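Numbering (my numbering), first residue to last: 1 to 203.
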Amino acid sequence: MRCDDLMQHPEIILASSSQTRQQLLDRLHLAYTSISPDIDESACGETHADDLAQRLAFEKARCIALQHPEAIVIGSDQVAWCEQHPDIFIGKPLTTENAIQQLQANSGQTVYFSTALSVQQQSIGFAQTVVEHYTVKFRSLTDNEIARYVAKEQPLHCAGSFMCEGLGISLFEAMHGNDQTTLMGLPMIQLCRILRMLNIQVP
């Protein structure tokens, strides 16, 4: 529980156990709790990364919102995809071998990220889901650079096999988008906009 802000507002729940998303939400100095939703994150016939990210973000928020109808619940999901192929999803590597293979495949390439945000409050029938985009141009990476990076940062639970908020920044040639937090998994500019719609004071 974060309790920096003493303003009275409905309970806020982050539907995630991600430390990165928690660190992003901490920036707003709002009291909140984190609950990890239990949903299947597999694709269900989606042919575009936007559709998959949007459905998963909505389901994550809805799963927790149904259990806590008075709370404002924040769900988010991110899907990485190959240039010109939004139907080819780049998932979390989960193993060192997969992380190395992902980075080898992405070396010199542009990778796109669709990050969906869903904010819901069941008691008032509020639900808003948006998708934000970010692109990363990888520089040409050597096998030694890839191996060193994966060994040092262990990005096994990150789509695309990197952590842009850490050493992963060294892998890039360029980054493009309206809000860098989109790449980190929780689009904060959009979140602040939606929270203001719910009369949450930020700042």
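Glycine included, every Cβ here is placed at the ideal spot set by N, Cα and C.
If you're wondering where the values come from, they're calculated on a predicted model, not measured in any experiment.
In DSSP terms, what residue i is bridged to
i    : result
Y112 : W81 and T135
V119 : I74 and Q128
M163 : Answer by DSSP bridge pairing: none, since M163 is not bridged.
L14  : S34 and I74
I39  : The partner list for I39 (beta bridge, DSSP) is empty, contrary to what the question assumes.
Counted within 10 angstroms of its Cβ, other Cβ atoms place residue i as buried (16 or more) or exposed
i    : result
M188 : buried
L66  : exposed
M1   : Its pLDDT being 42, under 50, M1 is placed unreliably in this model, and the value from its coordinates should be taken loosely. Per the 10 Å Cβ criterion, exposed.
D183 : Here residue 183 turns out to be Leu, not Asp, going by the sequence shown. Its Cβ being crowded by 16 or more others within 10 Å, L183 is buried.
D26  : exposed
A174 : exposed
Q122 : buried
S170 : exposed
Cutoff 6 Å; reference residue i; Cβ partners in own chain excluding five residues on either side
i    : result
A127 : Q120
L195 : V202
C82  : I88
Residue interval of the alpha helix (DSSP H) (run including residue i)
i    : result
E97  : T96 to N106
I64  : A49 to Q67
A151 : D143 to E153
C192 : M188 to M197
CB of residue i within 9 Å of CB of residue j, strictly
i    : j    : result
L117 : L167 : no
A15  : A80  : no
R139 : F162 : no
S114 : D38  : no
Contact set for residue i: own chain, Cβ-Cβ below 7 Å, skip 5 residues either direction
i    : result
K152 : L167
Terminal residues of the beta strand (DSSP E) in which residue i lies
i    : result
A174 : F172 to G177
Sequence-distant residues of its chain with Cβ nearer than 8 Å to residue i (five each side left out)
i   : result
E41 : L56 and D77
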